[in-house]
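Chains as they are written, first to last, in the numbering used here: chain A, 5 to 507; chain B, -3 to 785.
And the structure:
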């Protein structure tokens, strides 16, 4: 998974540590004065608190066995979302309510409706993944009284089960939804109390250390700017869906870690552009897309599982600089710009210029991405495509964003960007040239499909061979034409696989 | 006989007691641990509270695919924070070997030569797991790198077998092939598969007094762990106790693979006299432990113009990894299933278990069978495309009929496949849907449509029994305590398959009590010795019969006691729900037990079972390796995107034979789960080694098992409720763990069908497995370019 900003060092600053991390764990208020930036919630639960119901399956956010709910204040309201405890750092829980499987119960103290449905429908076999499934389904149940099959599947993209084939779990999810009881649920009844407790923590800075390692949770983005000025080599941690793996898989030190996932959450829609805070998660971005770019909502829902989308941020996905991140190709195609901040100085650049080379981005020490500015669509035709071995929750072998403006039958502005085809996410100049100024016609897109082969020299690796990448890159142009021209609609034959299940 | 307690004192009347077999067999009893699973209170090995002062071990792995160790500098490892010390081959008090077949080719720690990238060469022991893990990567090992082979075809050239191959032959296939009106020769490449059990490998060893050690682990084979640990420590088997309460999935990946982890933990525990836990990270688990075998198979088939098979020959070349492990038995089973459900009049099939410089391949659900079955189905496809027929028609023309001989000379009896196929064909509306698929593709042809459809109905016939005949035995221990509660132990292990639930049901039904009255506890070598692995789908067949034997012994004693106490005949005694009726008296079960105890009747028994009728002569290639066959069939329909090679399963219908089901809900769960796992094997799950011999798909971020959204959009699964095992199995049920795995082949063939449509079905699509979107797109392009001269 790709997310979060990088750079590292062990430099100490003049600021005073010792402001504790504070959060709620089930019914307990936790105050930690000693913690390292790489301490994970999962280890804290299992090793520190003996809460062994939350399991470690992969320690990289891909299997969901460690799923817990995290409640946080978002625009004043308390929202609960499933996340992966294995790659959620403790420091990022400052001001949150962490809810584990041990907290779940029914009205009578027995099984919760989600748990009861899992028993009734034989939703567990070996049972190891089950607490994680229950927590993801709990998160769904809280917000969807009568979920559709597709909503259930979407909620479960981050949970692997190797035993059941999922059928009984999906049935249990549907049954739990119908069983109802949301208003009487413990988290609903405790809501006011929990909100008050989190409000008391909100807006406070945390600054803790263990030995030489230090974790700082800035109070707000101005505080962040100052912290990064003092610690220009800090590891900036947003959703930690990638930095988490630096710690759990590569055992890399990330101190000082500066945690920003709770910051830069604003979304402002203006006539010319939409300004998205860098800390907006994929899940928070989806409703914005649904309003303004509904054509690509399905593309974003193929990023990670639900837990990853609840953690990973747009800013992180960009700052990480990965050549296979899903957001950059789409955002570059849309003509996005990013606003970077260092101290009180700000600058704005085109997103495509941010990616200099593999592993090298246009970001100075101490600088951070604050805002992503996406021009409104206007009359442009927009699409985003990706291929991966598995349709969902798989890193793309090839991803592409298209933004094509057609005036009087002529393509006047084509922007097409690819991920997975080079060391950075990049536009396809030859293909764009084959489109620009040409008639909006099948032959034009056929020419672009051929031209794109000259734009890239992709690699062969475990995700795909170079030949496949090239073939698919070309076919994306053919798909764009089929979809946008209406040619396919006339024949009554679909142009894409339908993943939705008829209800 | 005189009693202190009057047995009639608590007599009650219970008019409908006879109706009560609720919770016995045939009931959809939930998994015995289900409430614990859903609340997080089911303890797995990593959840157990550690003894005071427990240490943690971590493995150091080789970083080359093949090499001689010139020197190993572990100073930095020893000096790392929290480290107690390291263990190398020199620290093993007994044997440095965990070969399950006594080949002495499977060292715990490589000593002078490493045979694959990721092979354990030492362990570090530290106060915490994090410290041990961080220390392990500090080792400096200098290798003299040696040439290596990774894939079956290079291995064939190198020519090293891990164990001898097998040949099955009947008739004169050379002559029959030469005489056949038509002939096809082909090659199929079949990928392996990682088990991806959600709970990884794990061992906790607690030292005892003298030479004793107790292991808590997650193995399918506690007895083998017991022997391996005993050998590694150089102590008798009676010094080692192995306990397994439950596994978080096994699928064959914990049949032999846990041996090494348990040995390391036990050696460390004895050395420092502290409890030691060893749990690798998921990536190390996937790199260092074995997987399903990859195969390359060359086949030839002779057939007539109607598509009837006349002769088959074939060679199965298997990637076995660096050591024998179970590869001989696995490759044998590939040949045992090279016919799947079809009669080959003249046949010779040969296996080649090849040594490669990769992790040693091991058991995985189906145990080689799937790699035999899928080639049989490829042969059917070849004939169908060559003769322009529906693959189902070719299948029907070649099904076994009663009494025909398999390539291993076992007659196929009680053939129920035609009935099963006929029923499924009707219930899934195969003929009409196939026409609709052909029509869809014709319209796509006409309009340039990019989404193609495909449909396939494929069967499975799977032989049940360990092919090593001596493994087909089992034991159980049943205690009735004086309050009437029952404790059950048997030699099988619970890995999610519902084995414990089913055997609790068998015992509850035997005494006609509720399942809540029967408690099953951890599997332990202390209670039932000399067990076989919980494998080969045999868990319920073997252990269920052993438990029933124990129940019957106790029941016989209770009946004898009641006959004497009540002056009754055995025929006058009946076990009613929670009661026993003696003539007109109905006595609570607990009262019967209590009084029997006071009369000094033994209320526990050890049961035993050995499967009858089976025998096997490998050298001759003849015998009856299987007690019976389990059958099933699936019809899958897919849509394929010819621009990307991606696909979705539109619908799957399954009809599966489990004989008389002990628990239809659990059996259905096995069928659904196996189907999806089998589909994963053939679609998105790809093992990929780089040119240095490093496995690069070693975590769920890169190795993609199916998700909920990958299962069929419409999924109709039914059990053939009319089927009763003709053999005298427990409640006349049939094994269910492995056979439905092969139903995933229907999806694979349906994808091929959609691909073939781009060239008018004139050419067999010859997809290799797994059919990743990449392979599918490349097949589309291959067929298109071949079709347009």
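Note that the Cβ used here is the ideal one computed from N, Cα and C, for glycine as well. Just so we're clear, the structure is a prediction, and the values are computed from it rather than from any experiment.
Sequence-distant Cβ neighbours of residue 658 (chain B) in its own chain, meaning closer than 8 angstroms and more than five residues away, are 21, 22, 498, 501, 502, 536, 540, 726, 727 and 729. Within chain B, the residues placing a beta-carbon under 9 angstroms from that of residue 69 (chain A) are 194, 195 and 244, ordered along the chain. For the 8 angstroms CB-CB criterion, residue 106 (chain B) and residue 80 (chain B) do not form a contact. Residue 254 (chain A) counts as exposed, since fewer than 16 other C-beta atoms from the protein chains shown sit within 10 angstroms of its C-beta. The beta carbon of residue 128 (chain A) sits closer than 8 angstroms to some beta carbon of chain B. For residue 321 (chain A), there is no enclosing beta strand (DSSP E); the residue is found in the alpha helix (DSSP H) stretching over 318 to 323. Per DSSP, residue 292 (chain A) is one residue of the alpha helix (DSSP H) stretching across 286 to 296.
Under the three-state reduction of DSSP output, residue 598 (chain B) falls in the coil class, being neither helix nor strand. Under a criterion of Cβ atoms nearer than 7 angstroms, the residues of chain A adjacent to residue 711 (chain B) are, in order, 171. From the beta-carbon of residue 492 (chain B), the residues of chain A found nearer than 7 angstroms are 129, 130, 131 and 167.
Taking 8 angstroms as the cut-off between beta carbons, the residues of the region 768 to 783 of chain B near chain A are 768, 769, 770, 773, 774 and 777, in sequence order. For residue 198 (chain B), the nearest beta carbon of chain A is not closer than 8 angstroms to its own beta carbon. Residues of chain B whose Cβ lies closer than 7 angstroms to the Cβ of residue 398 (chain A) are, in chain order, 700. Taking 8 angstroms as the cut-off between beta carbons, the residues of the region 450 to 474 of chain A near chain B are 465, 466, 467, 468, 469, 471 and 472, in sequence order.
Taking the C-beta atoms as reference points, residue 435 (chain A) is found no nearer than 8 angstroms to residue 429 (chain A).
Annotated as proximal: residue 410 (chain A) and residue 385 (chain A), with beta-carbon spacing under 8 angstroms. The beta carbon of residue 57 (chain A) lies closer than 8 angstroms to those of 104, 105, 106 and 135 in the same chain, with the five residues before and after it left out. Here residue 49 (chain A) has 55, 58, 89 and 104 as same chain residues with Cβ atoms under 7 angstroms from its own Cβ, once five neighbours each way along the sequence are excluded. Interface annotation, residue 246 (chain A): not in contact with chain B, CB-CB separation never under 8 angstroms. The continuous stretches of alpha helix (DSSP H) do not include residue 627 (chain B), which lies in the beta strand (DSSP E) extending over residues 624 to 637. Ranked by how close their Cα comes to the Cα of residue 315 (chain B), the residues B:282, B:346 and B:356 have B:356 in first place.
The Cβ-Cβ distance between residue 98 (chain A) and residue 172 (chain A) does not fall below 8 angstroms. For residue 34 (chain A), the closest C-alpha among the options A:201, A:118, A:152 and A:154 is that of A:201. Contact annotation for residue 240 (chain B) against chain A: no contact, minimum CB-CB distance about 12 angstroms [criterion: below 8 angstroms]. Taking 4 residues as the shortest admissible run, the region 364 to 403 of chain A contains no complete alpha helix (DSSP H) segment at all. Every unbroken stretch of the alpha helix (DSSP H) spanning 4 or more residues and falling wholly within the region 239 to 279 of chain A is given here in chain order: 247 to 252.
Per DSSP, residue 641 (chain B) is not a residue of any alpha helix (DSSP H), being assigned neither H nor E. With a threshold of 8 angstroms between beta carbons, residue 682 (chain B) makes contact with chain A. Taken in chain order, the unbroken stretches of beta strand (DSSP E) that lie wholly in the region 550 to 594 of chain B and span 3 residues or more are 569 to 572, 575 to 578 and 581 to 584.
Excluding the 5 residues flanking it on each side, residue 331 (chain A) has same chain C-beta neighbours closer than 7 angstroms at 318, 321 and 322, in chain order. For residue 170 (chain B), the enclosing alpha helix (DSSP H) has its first and last residue at 169 to 175. For residue 63 (chain A), the closest Cβ of chain B is nearer than 8 angstroms. Taking residue 222 (chain B) as reference, the option from B:143, B:274, B:283 and B:94 with the minimal CA-CA separation is B:94. The beta carbons of residue 176 (chain A) and residue 122 (chain A) sit closer together than 8 angstroms. According to DSSP, residue 615 (chain B) shares a beta bridge with no other residue. For the region 330 to 386 of chain B, the continuous alpha helix (DSSP H) assignments of 4+ residues that do not extend past its boundaries occur at 365 to 383, in sequence order.
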